[in-house]
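So the structure is just underneath, and the comments pick up after that.
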Amino acid sequence: MRGRFALNRNLIQRLGFALLTLMAMATVIPILLVVGYILYKGLPAISWEFLTQFPTDGMRAGGIMPAIVGTVYLTILTTILCVPLGIAAAVYLAEYAPENNFTRSIRLALINLSGIPSVVYGLFGLGLFVVFMKLGTSILAASLTLSIMTLPVVISTAEEALRSVPQAFRTVSISLGATNWKTIRRIVLPEALPGIMTGVILGLERAVGETAPILFTGAVFYTPNLPTSPLSPTMALPYHLYVISTQVPEMPVEVQYGTALVLLVLVLGLNLVVTVIRSRARAKRQW
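The C-terminal position of the sequence shown is numbered 312 in this note's numbering, with every residue numbered one higher than the one before it.
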């Protein structure tokens, strides 16, 4: 009887492992196929001229340098506006805010805001930043819109990371004479950094690849000059890819996939940098 029970348990375990493997393959293989197809179609378009020149011949030739520069500007400014504010809000919710209906409603609102379509954020940014605040179609207006869209993800994941730090760390630090803020700054935040960086990755990756918010607030079809200030309009890779794929007749397919490949590399590069930082922080963690 015991032998039969052990045999059945091993069989169930193997079937479970096989099912999990199939599920993992069903998730990973399509992603690899998409990336491989973009590489196959886009690599012929990649050259030094493609990366460093302005578009010519109605976007059908030349390069995508203004779109790359604009995307980098938008990403940097969105990070500056969003990440410190998001982490500060998460610290307040996790360490200072009392547990009552008000804070629970804030957390519920953050969850709901994370699921709002990006086009709604774009219309909100158009009304608030472009029209009401008179920032015009600019990098600043687009970055503020992307920051508002990214904040719920950053706040929610950062709060969960802060709450995951064992309470014993706080108790020991305070018992040794540290203030609450010093405990948070020296103990809690460094220990929660891997989880915080995960939220930053998720938020910024969404911001970098969105088209609708910048379509209403900061991106333009074409500009002959690079942006000179945060109040300048700019080209951006997601919007440029949309334009050359839908609005430009007789557009070479290689240029479309080459642009998609550059955007993919930019997103993966951002992911890689933040992942390295997260891994180093996780290696130093004491629990």
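A virtual CB, placed ideally from N, CA and C, is assigned to each residue, including glycine.
Per DSSP, residue i forms a beta bridge with which residues?
i	result
alanine 86	Thr81
threonine 363	The chain is shown from 26 up to 312; residue 363 falls before or after that span and cannot be answered.
Output the distance between the C-alpha atoms of residue i and residue j, rounded to the nearest integer angstrom.
i	j	result
isoleucine 209	glycine 111	15 Å
serine 257	serine 198	48 Å
threonine 128	glycine 95	37 Å
leucine 57	methionine 50	10 Å
arginine 85	valine 280	8 Å
isoleucine 173	phenylalanine 241	14 Å
aspartate 82	methionine 276	10 Å
methionine 158	proline 80	32 Å
isoleucine 212	lysine 309	12 Å
leucine 133	isoleucine 63	38 Å
alanine 186	leucine 165	30 Å
leucine 40	proline 55	23 Å
threonine 196	alanine 115	20 Å
proline 109	threonine 52	33 Å
glycine 88	valine 273	15 Å
leucine 151	serine 270	24 Å
valine 287	phenylalanine 246	18 Å
glutamate 74	isoleucine 226	30 Å
valine 190	alanine 217	6 Å
glycine 202	glutamine 192	16 Å
valine 290	arginine 34	45 Å
arginine 188	tyrosine 65	44 Å
leucine 36	phenylalanine 42	10 Å
threonine 204	alanine 113	17 Å
serine 130	isoleucine 71	49 Å
valine 268	glutamate 124	48 Å
threonine 46	glycine 294	28 Å
phenylalanine 194	proline 215	12 Å
proline 330	proline 255	Residue 330 is absent from the structure shown; the chain starts at 26 and stops at 312.
valine 59	serine 200	54 Å
With a Cβ-Cβ cutoff of 7 Å, do residue i and residue j count as a contact?
i	j	result
arginine 303	proline 219	yes
leucine 106	alanine 167	no
glycine 244	valine 144	The sequence as given places alanine at residue 244; glycine does not occur at that position. Contact: no.
alanine 92	methionine 260	yes
glycine 234	proline 252	no
tyrosine 282	glycine 61	no
alanine 285	leucine 266	yes
threonine 162	tyrosine 146	no
glycine 224	valine 299	no
threonine 175	glycine 228	yes
threonine 103	alanine 232	yes
serine 181	leucine 135	yes
leucine 160	phenylalanine 154	yes
glutamate 230	valine 292	yes
Ordered along the chain, which non-local residues of its own chain (more than five positions away) have a Cβ less than 8 Å from that of residue i?
i	result
proline 249	Phe79
tryptophan 206	none
isoleucine 239	Leu99, Gly147, Ala167, Thr170, Leu171, Ala261, Pro263 and Tyr264
Going along the chain, which residues of its own chain have a beta-carbon closer than 7 Å to the beta-carbon of residue i, five neighbours each way excluded?
i	result
methionine 90	Leu76, Thr77, Gln78 and Phe79
proline 69	Glu279
leucine 138	Pro177
Quick one: what's got a C-beta closer than 6 Å to residue i's C-beta in the same chain, skipping five residues either side?
i	result
alanine 122	Thr128
arginine 307	Pro219
methionine 48	none
Go through the segment 88–122 residue by residue and report every complete run of the alpha helix (DSSP H) that reaches 4 residues or more, in order.
Taking only runs of at least 4 residues, the alpha helix (DSSP H) segments lying wholly in the segment 88–122 are 90–116.
With a floor of 4 residues, list each alpha helix (DSSP H) that falls wholly inside the segment 28–77, ordered by position along the chain.
Complete alpha helix (DSSP H) runs here, min 4: 73–77.
At which residue ranges does the segment 172–216 contain complete alpha helix (DSSP H) runs of 4 or more residues, listed in the order of the chain?
Listed in chain order, the complete alpha helix (DSSP H) runs (minimum 4 residues) inside the segment 172–216 are 192–200 and 205–208.
Sequence ranges, beta strand (DSSP E) only - wholly within the segment 137–164, length at least 3:
Entirely contained in the segment 137–164, not one beta strand (DSSP E) run reaches 3 residues.
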